[in-house]
Amino acid sequence: MNQELPPGQESDEIQGLAEVVAKSLSEGEDPQTIAQKLVDSGWDPEEAASFVGSIEHHMMHAQHAGGGSEVQGWMLWGGGLIVINLLSWMFNWGFWIY
3 MNQELPPGQE
13 SDEIQGLAEV
23 VAKSLSEGED
33 PQTIAQKLVD
43 SGWDPEEAAS
53 FVGSIEHHMM
63 HAQHAGGGSE
73 VQGWMLWGGG
83 LIVINLLSWM
93 FNWGFWIY
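For reference, each letter of the sequence shown is one residue, going 3 to 100 in my numbering.
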């Protein structure tokens with residue numbers, strides 16, 4: 003992928019900056035605030051917003067692609083079965099789910 007870097011930015015600097023932006027996003031800092039900090043340091047507003055948005059997009063994609071959500075889904079499904087069976091037992095309903 004041949005992507006142009008902002009003027010005066012080296013690949014290593016961009017990598018380090020991307021890590022700082024990702025950390026700020028993970029700590030809950032507003033993406034617009036982060037982009038504004040980049041603008042204040044000399045970035046073009048559109049490039050800054052695009053850069054922060056790209057990192058935010060990749061972070062959300064990685065979060066949703068992780069196996070943790072699968073485990074949580076199975077736990078929720080299993081917990082639902084237990085609750086239904088417990089209610090069936092408590093109220094003497096005529097069905098059980100195994």
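Glycine included, each C-beta is placed from N, C-alpha and C at the ideal position.
Length of the line joining the Cα atoms of residue i and residue j
i	j	result
Pro47	His63	24 Å
Ile57	Trp95	51 Å
Trp45	Ile36	12 Å
Val85	Glu15	53 Å
Pro33	Met92	50 Å
Gly53	Gly82	The sequence as given places Phe at residue 53; Gly does not occur at that position. Phe53 and Gly82: Cα-Cα distance of roughly 42 Å.
Leu78	Glu29	27 Å
Gly80	Asp42	51 Å
Leu101	His59	Any answer about residue 101 is impossible in this case: the structure gives the chain only from 3 up to 100.
Gln17	Met61	15 Å
Gln38	Ser90	56 Å
Asn87	Val22	48 Å
Trp76	Glu31	31 Å
CB of residue i within 9 Å of CB of residue j, strictly
i	j	result
Ala50	Leu40	yes
For residue i, the nearest candidate out of the options (CA to CA)
i	options	result
Ala20	Gly55, Phe93 and Val85	Gly55
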